[in-house]
């Protein structure tokens, strides 16, 4: 069968790459083409467009790039028409992918959605559009099954791919040696995000708390999309190290972490690392988001637990002073540390134990054969 897959972010690239590997096992004749990243390409997909060209953060930034996004949509639709897939598999990235879903339905193409758009967070009325345009929805958050059920829309909960990735990870025994990391100082991991706008908004403030923690070494989780020189413009201390594409190994060695809101908050929790969640975007994007977002938390940890497990420092609260206070709490207050660990245990229980990509591929190929 012919599959067209679209992922618009780094996390989507990872999850889609695992799905592609499993689709190939279920369907050895699979012909897979799409938009995404290096990992999807390495898994065997013909890559048409890299997600780095499409990564816009926040409402205002997306609006500023409106005409560029329209061009991408036109290009994508033309490529789908030429490829004639049996199914289009959309991976998160709702603003772009829901437009593709509409196009697909208009042209009689089957649509699967792998990793639901976060409609439970804002504009929940979009569920009716999803019911019209998406043939099968595969969700990775335990609360999403109940959410869609309220609208009489049956979805498949397949577990969480982040949990699979963490459980499968084998920590490199030479991590410290390879990266010239001291053994005599505990590590505080800094996860400023993988997008340029995130790093610009987060990293400098995160690094500003270093003078309050001289007995610790701060290590930045870098991504190889950006050069050492790019990171160094925010870092004036030569003793602060940047390790590239080794986030899991870094978390496995960390005593605590400062984490930009997103998938990384869940990854950090699954490694049992105490964390402070941080988030800052442009003033316009924040003002819009505050009006439309309907959930009480921004971190996946708190959303899955349905209660505050980790502290969230958002926008005006994202200051060096507040970071220092919260970081000291999870480092030195045994009660605070224990409460966070207990919360992490609850999150793991709610996620459950699944082989997410394998389960999704089995269902997808089965549904295609049954023409469901």
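In UniProt numbering, the protein residues as written are 1 to 372.
Built from N, CA and C at the ideal position, the CB exists for glycine as well.
The structure displayed is predicted, hence computed values, not measured ones.
For a cut-off of 8 Å, the C-beta gap from residue 258 to residue 210 is around 11 Å, too long to register as a contact. According to the DSSP assignment, residue 109 belongs to no beta strand (DSSP E), since it is labelled neither H nor E.
The DSSP-derived three-state label of residue 5 is strand. Residue range 254 to 260 is occupied by the beta strand (DSSP E) that includes residue 254. For residue 223, no pairing in a beta bridge is given by DSSP.
Taking C-beta atoms as the reference points, residue 111 and residue 79 fail to come closer than 8 Å.
Assigned with DSSP and collapsed to three states, residue 180 falls in coil, not helix or strand. For the pair residue 158 and residue 359, the CB atoms are nearer than the 8 Å cut-off. Less than 8 Å separates the beta-carbon of residue 221 from that of residue 250. Beta-bridge analysis with DSSP links residue 311 to 276. When C-alpha distances from residue 135 are compared across 261, 143, 98, the shortest belongs to 98.
Where residue 43 is concerned, there is no enclosing beta strand (DSSP E), because DSSP gives it neither an H nor an E.
By the CB criterion at 8 Å, residue 8 and residue 114 fall outside the cutoff. Rounded to the nearest whole angstrom, the CA to CA distance from residue 333 to residue 54 is 42 Å. With fewer than 16 other beta carbons inside 10 angstroms of its own, residue 295 counts as exposed. Of all alpha-carbon atoms in 242, 320, 255, the one lying nearest the alpha-carbon of residue 280 is that of 320. Just measuring C-alpha positions, the residue of 87, 214, 29, 282 sitting nearest residue 371 is 87. A straight line joining the alpha-carbon of residue 366 with that of residue 152 spans about 22 Å. Non-local beta-carbon contacts of residue 354 in its own chain, meaning distances under 7 Å to residues more than five positions away in sequence, involve 158, 159 in chain order. Taking C-alpha positions only, residue 245 is separated from residue 224 by approximately 6 Å. Judged by beta-carbon spacing, residue 252 lies beyond the 8 Å limit of residue 226, meaning their Cβ atoms are not closer than that value.
Counting only residues of its own chain and dropping the five nearest sequence neighbours on each side, residue 138 has a CB closer than 6 Å to the CB of 114, 156, 158, 360. Taking the Cβ atoms as the reference, residue 133 lies roughly 6 Å from residue 102, within the contact range of under 8 Å. The three-state secondary structure of residue 166, taken from DSSP, is helix. The beta carbons of residue 117 and residue 15 sit no closer together than 8 Å.
The C-beta of residue 235 has 16 or more other C-beta atoms within 10 Å across all chains shown, which makes the residue buried. In the DSSP assignment, the residues bridged to residue 217 are 187.
Boundaries of the alpha helix (DSSP H) harbouring residue 14: 10 to 26, taken from the DSSP string. For a cut-off of 8 Å, the C-beta gap from residue 301 to residue 288 is around 24 Å, too long to register as a contact.
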